[in-house]
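Have a look at the structure below before the remarks.
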Amino acid sequence: MIKAVIFDLDGVIVDTARYHFLAWKRLADELGIKFTEEDNERLKGVSRIRSMEILMELGGITLSQYEKEKLANKKNTWFVDYVERMIPEEIYSGVRVLIEKLKERGIHIALASSSKNARTVLHLLHIQNLFEVVTDGTMITHSKPDPEIFLLAAEKLGIDPKDCLVFEDAEAGIEGALAAGMLCVGIGSQEQLFKAHKVIRHTGDFTMEMLDEFNAV
Ligand code: B16
Ligand code: MG
Numbered sequence: 005m006i007k008a009v010i011f012d013l014d015g016v017i018v019d020t021a022r023y024h025f026l027a028w029k030r031l032a033d034e035l036g037i038k039f040t041e042e043d044n045e046r047l048k049g050v051s052r053i054r055s056m057e058i059l060m061e062l063g064g065i066t067l068s069q070y071e072k073e074k075l076a077n078k079k080n081t082w083f084v085d086y087v088e089r090m091i092p093e094e095i096y097s098g099v100r101v102l103i104e105k106l107k108e109r110g111i112h113i114a115l116a117s118s119s120k121n122a123r124t125v126l127h128l129l130h131i132q133n134l135f136e137v138v139t140d141g142t143m144i145t146h147s148k149p150d151p152e153i154f155l156l157a158a159e160k161l162g163i164d165p166k167d168c169l170v171f172e173d174a175e176a177g178i179e180g181a182l183a184a185g186m187l188c189v190g191i192g193s194q195e196q197l198f199k200a201h202k203v204i205r206h207t208g209d210f211t212m213e214m215l216d217e218f219n220a221v
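Numbering-wise (this note's numbering), the sequence shown opens with residue 5 and increments by one.
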């Protein structure tokens, strides 16, 4: 029985995944590393420093810890610049209505984002109040695909992980949700997110009939 829904942020609630890509692409260009949207799939959901390491792997370069952190911080400055220009209308269509419908059914709502910027994004979009519990990259030791953030969200809600349904756009996030023993809806392409229990194109496409189907199994 689904008692809680845990939402990822970037790529599920709002298109900040696009801004992460643009900032990484800008850094890759500066470093002379070829970096495509397909490459970017590997960076989704994982921590900032792990993303930097993946970029280095793609470019076949090695850097000192200091250099690595310096470049990751540079990327973050650009990301924050993009995010600060965001407006509340950038929240994906149907998301607010979906959360309201879930709440009407007595379902608890949490956020589980790997991003250390998650609270800033929620604040800028004026959507902090949609979530009963917010867990983010500042509260965990191991980033997705580790289940830590999902287990923390469930613990804070006081709900058994098996009664939680996660919405995720990243392969790493889906793996984390499954490792936490939760059900998972993938947001994006079936081909990419086939490990999820169900895949839909947009968060707002989720219906209460789909919720009933999860409860029926
Ligand atoms: P930051 P999510 C993740 O957020 C992003 O998908 C991922 O691309 C990013 O590297 C990670 O947050 C860390 O973000 O650099 O802002 O701390 O999808 O889990 O909401
Ligand atoms: Mg995401």
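For every residue, glycine included, the Cβ atom is placed at its ideal position computed from N, Cα and C. Given the structure is predicted, the values throughout are model-derived calculations rather than measurements.
**Prompt:** Which residues in the same chain as Leu-128 place their Cβ atom closer than 6 Å to its Cβ, once the five residues preceding and following it in sequence are excluded?
**Reply:** For Leu-128, the CB contacts under 6 Å within the same chain, skipping 5 residues up- and downstream, are Met-90 in chain order.
**Prompt:** Between the beta-carbon of Phe-171 and the beta-carbon of Ile-191, is there less than 8 Å?
**Reply:** A distance below 8 Å separates the beta carbons of Phe-171 and Ile-191.
**Item:** Buried or exposed by the 16-neighbour rule on C-beta atoms within 10 Å, applied to Asn-44
**Value:** Counting every other CB atom within 10 Å of its CB across the protein chains shown gives Asn-44 a total of 16 or more, marking it as buried.
**Asked** If Ala-184 and Leu-155 are in contact, beta carbons under 8 Å, what's the gap, nearest whole angstrom?
**Response** Leu-155 and Ala-184 do touch by the CB rule: their CB atoms are close to 5 Å apart, below 8 Å.
**Message:** Rounded to whole angstroms, what is the Cα-Cα separation between Asn-77 and Leu-102?
**Reply:** When rounded, the distance between both Cα atoms is 35 Å.
**Nearest to Gln-69 (by Cα), restricted to the options Glu-61, Glu-57, Lys-79, Thr-139** = Considering only alpha carbons, the answer is Glu-57.
**Message:** Under 7 Å: does the beta carbon of Ala-122 sit that close to some heavy atom of ligand 1?
**Reply:** Correct: Ala-122 has its Cβ closer than 7 Å to ligand 1.
**Asked** Applying the criterion that 16 or more other CB atoms from any shown protein chain within 10 Å of the CB defines a buried residue, is Pro-92 buried or exposed?
**Response** Burial check for Pro-92: the Cβ neighbour count within 10 Å stays below 16, so the residue is exposed.
**Asked** Since Val-99 sits in a beta bridge, which residues does DSSP pair it with?
**Response** None; Val-99 has no bridge partner.
**Request:** Indicate, with yes or no, if ligand 2 has a heavy atom lying under 7 Å from the CB of Asp-209.
**Result:** Asp-209: no, Cβ never under 7 Å from ligand 2.
**Residue nearest to Phe-11 in terms of C-alpha spacing, selected from Ala-116, Glu-42, Met-60** = Closest by alpha carbon: Ala-116.
**Asked** Beta carbon of Phe-198: closer than 7 Å to some heavy atom of ligand 1?
**Response** False, no ligand heavy atom lies under 7 Å from that Cβ.
**Endpoints, beta strand (DSSP E) assigned at Val-203** = Per DSSP, Val-203 belongs to the beta strand (DSSP E) from 202–204.
**Item:** Where the alpha helix (DSSP H) through Thr-40 begins and ends
**Value:** Run containing Thr-40: none; DSSP gives neither H nor E here.
**Prompt:** Does ligand 1 have a heavy atom nearer than 7 Å to the CB of Asp-14?
**Reply:** Annotation for Asp-14 indicates a beta carbon within 7 Å of some heavy atom of ligand 1.
**Request:** Just list the beta strand (DSSP E) runs in the region 137–192, keeping only unbroken ones of 3 residues or longer that don't cross its boundaries, in chain order.
**Result:** The qualifying runs are 137–139, 168–172, 187–191.
**Asked** Of all the options His-112, Val-84, Leu-59, which has the alpha carbon lying nearest to the alpha carbon of Lys-72?
**Response** For Lys-72, the nearest C-alpha among the options comes from Leu-59.
**Message:** What does the Cβ neighbour count give for Ile-49, buried or exposed, with the cut at 16 atoms within 10 Å?
**Reply:** With the sequence shown as reference, residue 49 is identified as Gly, and Ile is not the correct amino acid for it. Burial check for Gly-49: the Cβ neighbour count within 10 Å reaches 16 or more, so the residue is buried.
**Any non-hydrogen atom of ligand 2 within 7 Å of Ala-27 CB** = Distance from the C-beta of Ala-27 to the nearest heavy atom of ligand 2 is not below 7 Å.
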